[in-house]
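Asks: Residue numbers (this note's numbering), protein chains in the order written: chain X, 1 to 847; chain L, 1001 to 1434; chain D, 2001 to 2216.
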Ligand SMILES: Cc1cc2nc3c(=O)[nH]c(=O)nc-3n(C[C@H](O)[C@H](O)[C@H](O)COP(=O)(O)O)c2cc1C
Ligand code: SF4
Ligand code: FES
């Protein structure tokens, strides 16, 4: 596959940055400072290359791109990937000398190359193979013995390395160091003994390892998941948007015989710039799992029995009707963040106008209050990456939004964007930040206020905290009225979201120009919230009371009162007051931070309906299961953290008689006696565009046009008078209070890791067992007082529960707190967390 | 044979007992040059070096004073002394380091002062264990003496020197690889432009890299004045050089000789110098300036030891090491051995050098062992041409540094001077020299 | 074993402090580890990676570039015989073959008693004494077969004791002083020096101009 070119079209070159060079005798415009290889490519002259990659610093090592450039000593051979275009430069790319040099390099590359193309995964899309074809007989001049290495070795659970095929371009090692930030592979040896290698017993466990496979110009690095699966020419592909998290990376899904075989990152300049994380890349074989739900299931005598759609809908409709008769607020919907925008809109309309409940929530009590979040002025990823300063108040984005982490670390290292991280413990981003401000769980707002206001009291007196504060303040001072972007998420599931919102408002008040980038992780959680999948909201970032008239007119009816969020819904159920719970691709028993609440709620709800692609812990309790189409099995649109709407594409068909979620909503509505008015995806988007203020003007044709293949950020312009206004930030402020410090307990920090126990991941054979074991990480100082300096089993007691965990010392966890991965095997964090507590205090005892 | 009066500029202490101690050094005028330099403006020091026309002794022969003038003004800048000496048959720095470490330190201090550098590194080839100990010992003494450190010798100038050991990689002698190596990385040369050390060097800061012999000349130049230095030699080749003579000669070793005034014949045959070839054998060829330089036949023996004249004759004086071959030497084997050296020492980043060196080595080895084919001779030339286009001198390159283009000269020279010997190997299927 | 002893950790810390960027200490620390353990053990590389804030793969990647850093065990005495041009012209190949025979190992191997490892080296920069060899980087030359035998006998009997330390020790002289000029001071020192230079240059230029003026 040819490299993605990032060259700006010539008419976009600003005169300011333009220079003119003479390329093969023709005056050619170039962007000042770009490499000649780019200039030439834009002019339609593709100079061959191996080591050069447009998203990494050039190294000029492979020497394939040699061209003649005029300098003080006349024309000399220079690497086009390494020489910056400058005014008046003379370049020759087509002389005999150039041709001989390039052919010479190609021949050199082949002398030790095994030429095992017929059995190579790269065969058919290999630049070395392609260029050899056009070069001709080459190989025969080399009659010596070739270099030999042991054939493919696994350098991780995902990637194989065949050192005989390696051409030492260093793309992979440079990626690991320069982009991924995990230099777990490096060149080893010297001269023609150079090989790519990991350190013994230290595999290439980078979250981004799959990118090295994608950028390896030969078949030296291959994916375990793709080995011998297909030949490139047997594959067909479509462009779509990854849904493993909410960054919204553009990728192409490739399939053969109705099975997805691999995902390849697409170079979307504003979003993923060609990279994918390994979860996004390898997160597809669950689609082919035999455990997929293929038919509706209805529970009879405690057993699931296959049913027809009609049968299943009748049972569901009957249950819902019975519940509505007791009050439409007796029905609630949890989930939706995995769905496409159109699905969510259909379900929102079904819930709010047909069933009449406002108790629906796409967040599992692990995000941020939707209204506050949606009202903040929104930043794009590009804006964050070119800001004068970034403030990071998020969970570990390397774990939760991996490609956002890549973009930001590149911004920090190459763009020199200063970052202040406010966090309870160091994260994957910490090595790249200018300043790390630690806060004790529950006190983010206190720290935020001290940061922006000199007179505000700062609670931590130790010198390193004081220095960090002083330094952060000076960083802020230097950029005061300029572009500040605050990236905001829920740093820990073991502290309440209120303090985070308060911190966000603190920054908004202090820096009126500041913009905010949400860091919520679930695939389309932003789309769900924007479509009103949250109590008190309506589609298009509209508050229920603000939009009531408009939507009542168009939707006929709306709930009378504001509903409840996930926490409220589960409490209502726990009190025996909820009749029907609909799960839309959600698993509260696993995902909701407070396991006890979720469990008691599930025990009490009489009627549970689950729409999903697998049975999960929660849907096992359901009375009816409705099988949905998965990623790649349906089209539509999705919305990323920026509010960017991009397209999802269908590549394969759903298993059995599973259907897209919007269709399920539509048909269920009919069984409830109302027509939602949708007969196609298009009809849904047309209604969204017609009604929701945020999407005004974003028509289907606009969305599908080629210029908008990177997606469209809503809103386009100002909203026309007719439609309801979109949310404005709240003006009331709560007041900060410090939570008294208890010297005998530790404050719990808990958040998610990339490889989790999630249903989809667990159904991917290559990702399933990559996650760590859950262990409580504690500062050795705090362990010492327990007499278990080197760690071991401890009993951990919170006000909720007590569990036995393995405690391990970790110097980087601040004293007085403890970290526990939320979703790791055996971590039991949700047993310790209470959904209504501001912070979770734990005590450690010997078990 | 008219041998000029020997002058000892850098090797004056070599014969003394304990030549490496501070005691001996001070007794023989040590650190006087530094004192004098510190009493001058830094630019005046540079001026003396410009007047002396001191050519770099590391191989490229660039004028030291001009290099200094090109140092980009910048708050942070460094001086790195190149003592990685690994070029085959080059062994002068080895002895300058072991026998007169204080002279090296004093020279380093003078260069640092002239360039107003506060931290200098002396990078010493790792295998020079004794040298590393001697320089570290001398440096400790120099700190105690007050010549290094804060406000040296009572002046306003402060400087630290750090001795840095290499670890066995010839390419680290190349100045940009040396800098990478000093940064704790693999010794991969950087691309010039833009990585001219004087502009972007160590840690990205402007950096002067000078050879050990180059800086060892500085105390004398400052003591005696640049023009005294320039009064030795002729044209651009001023002062003396420490010539390293090896191979088939009766008295191999290093000899400090005035530049230009003597010829290769003097060096190789004079009774006080090389003393001629063992057993009165015929000289068949000699390499005038280290392993990367094209060879000369006996017809070039009367060429002066002069940088520009040797260049004009189609080779280079390089690191000042002269290797002699005689009628017992198999030229195929000699050139194969040099090619093998480069193949082992290629850093491996450029495709032509990495793969080409190995390929050429394999062909040469085959020919030497009697398994050559006639078409191999053509192949040798064409593969060489792909590393060093049109095989011209000075070489052009398809590579980042000049290690790559240093591979072909010995093959070309051997083929040119001894084509018959190649053909004999091929036809007889064995080495005629046994 | 393998990680730095307390004593060597102190030396390592001093070495790191000598460089503006800690990674520069990588090779010196590898030498230090070799002088402690005889070779560069995986534990030592991990230890160095920790000290320098690197991944172990980067330490291995760099170390493996250099011939002197041995990531596999070697004998107490590493014998390196030069066969490059000057030595070759003076019979180095014969010495090497003799060495192989008399030690009973081929190049690259270690004797069973772990006393000797034999290497063929590139030029040792002692060509005036060709053919020459090194034992733990201490040079001997010119070497005949008899000299070689004698050397081996002496190494075995330990009579060369202090002259040749165990493999890995390349420098027995410790640096006595830390840096006299702190890193932070350097830039201010430089700024001051640059100001002085500019001043002098301006003065010189004014002088030149006035002289030119007079000359006219
Ligand atoms: C492959 C290669 C190896 C070199 N090895 C050395 C060396 O061992 N010692 C040295 O001083 N210069 C060596 N040089 C030259 C240096 O790059 C550099 O020109 C020199 O150190 C500058 O010092 P000078 O100007 O004082 O000569 C080498 C150059 C190349 C291309
Ligand atoms: S020419 Fe050879 S030694 Fe020089 S940089 Fe290229 S590969 Fe390395
Ligand atoms: S692409 Fe330019 S040198 Fe490799």
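Don't be surprised by glycine CBs; every beta carbon is placed ideally from N, CA and C.
1) Between residue 186/X and residue 2058/D, which are expected to be in contact by the criterion C-beta below 8 Å, what is the C-beta distance as a whole number of angstroms?
2) List, in chain order, every chain L residue whose beta-carbon is nearer than 8 Å to that of residue 192/X.
3) If you reduce the DSSP assignment to three classes, tell me which class residue 841/X lands in.
4) Using a cut-off of 7 Å between C-beta atoms, extract the partners of residue 1132/L located in chain D.
5) Against chain X, which members of the segment 2071 to 2086 of chain D pass a CB distance test of less than 7 Å?
6) Roughly how many angstroms separate the alpha carbons of residue 142/X and residue 771/X, rounded to a whole number?
7) Quick one: grab the DSSP three-state call for residue 780/X.
8) Which first and last residues belong to the beta strand (DSSP E) in which residue 1113/L is found?
9) Taking only heavy atoms of ligand 1 into account, decide whether any of them is closer than 7 Å to the Cβ of residue 1057/L.
10) Could you tell me if residue 162/X is buried or exposed, where buried requires 16 or more neighbouring beta carbons within 10 angstroms of its beta carbon?
11) What residues of chain L sit near residue 2144/D, judged by a beta carbon separation below 7 Å?
12) Among residues of its own chain, excluding the 5 on either side of residue 323/X, which ones have a beta-carbon nearer than 7 Å to its beta-carbon?
13) Which residues of the segment 1109 to 1122 of chain L have a Cβ closer than 9 Å to any Cβ of chain X? Give them in chain order.
14) For residue 204/X and residue 213/X, what's the separation of their Cα atoms in angstroms?
15) Taking residue 448/X as the reference, give the member of 306/X, 391/X and 417/X with the closest Cα.
16) Can the beta-carbon of residue 1254/L be found closer than 8 Å to that of residue 1243/L?
17) Considering only the beta carbon of each residue, do residue 747/X and residue 441/X sit closer than 8 Å?
18) So if DSSP puts residue 797/X in a beta bridge, which residue, or which two residues, is it bridged to?
19) By the criterion of Cβ-Cβ separation under 8 Å, what are the contact partners of residue 1398/L in chain X?
20) Less than 8 Å separating the beta-carbons of residue 1341/L and residue 1285/L?
21) Would residue 830/X pass as an interface residue toward chain D - the criterion being a Cβ-Cβ separation below 8 Å?
22) Suppose you measure from the CA of residue 765/X to the CA of residue 1347/L; what does that come to, to the nearest Å?
23) Pull up the DSSP beta-bridge partners for residue 1244/L, would you.
24) Run the CB neighbour count on residue 1057/L, radius 10 Å, all protein chains shown included, and call it buried at 16 or more, exposed below.
25) Which runs of the alpha helix (DSSP H) at least 4 residues long sit entirely within the segment 583 to 629 of chain X? Give them in chain order.
26) Helix, strand or coil for residue 230/X per DSSP?
27) Quick check: is any heavy atom of ligand 3 less than 7 Å from the C-beta of residue 84/X?
28) How many Å lie between residue 873/X and residue 676/X at the Cα?
29) Does the segment 464 to 472 of chain X come close enough to the segment 488 to 501 of chain X to have 3 or more Cβ pairs within less than 8 Å?
30) Quick one: is residue 1345/L buried, meaning 16 or more other Cβ sit within 10 Å of its Cβ, or exposed?
31) Per DSSP, residue 974/L forms a beta bridge with which residues?
32) Could you give the distance in angstroms between the alpha-carbon of residue 760/X and the alpha-carbon of residue 282/X?
33) Are any of the Cβ atoms in chain L nearer than 8 Å to that of residue 2100/D?
34) When burial is assigned at 16 or more other CB atoms within 10 Å of the CB, is residue 2007/D buried or exposed?
35) Between residue 2209/D and chain L, is any beta-carbon pair separated by less than 8 Å?
36) Give a yes or no on whether the C-beta atoms belonging to residue 636/X and residue 648/X are separated by under 8 Å.
Replies: Let's see:
1) 5 Å
2) 1343, 1346, 1348, 1354, 1355, 1357 and 1358
3) strand
4) 2170 and 2171
5) none
6) 47 Å
7) helix
8) Run containing residue 1113/L: none in the beta strand (DSSP E); it sits in the alpha helix (DSSP H), 1101 to 1115.
9) yes
10) buried
11) Those do not exist, as residue 2144/D stays about 15 Å from chain L at its closest Cβ, beyond 7 Å.
12) 330, 331, 579, 580 and 607
13) none
14) 12 Å
15) 391/X
16) yes
17) yes
18) 802/X and 843/X
19) 63, 66, 77, 101, 104 and 105
20) no
21) no
22) 41 Å
23) 1254/L and 1321/L
24) buried
25) 588 to 591 and 595 to 604
26) coil
27) no
28) Residue coverage of chain X in this structure runs from 1 to 847, which leaves residue 873/X outside it and unanswerable.
29) no
30) buried
31) Residue coverage of chain L in this structure runs from 1001 to 1434, which leaves residue 974/L outside it and unanswerable.
32) 11 Å
33) no
34) exposed
35) no
36) yes
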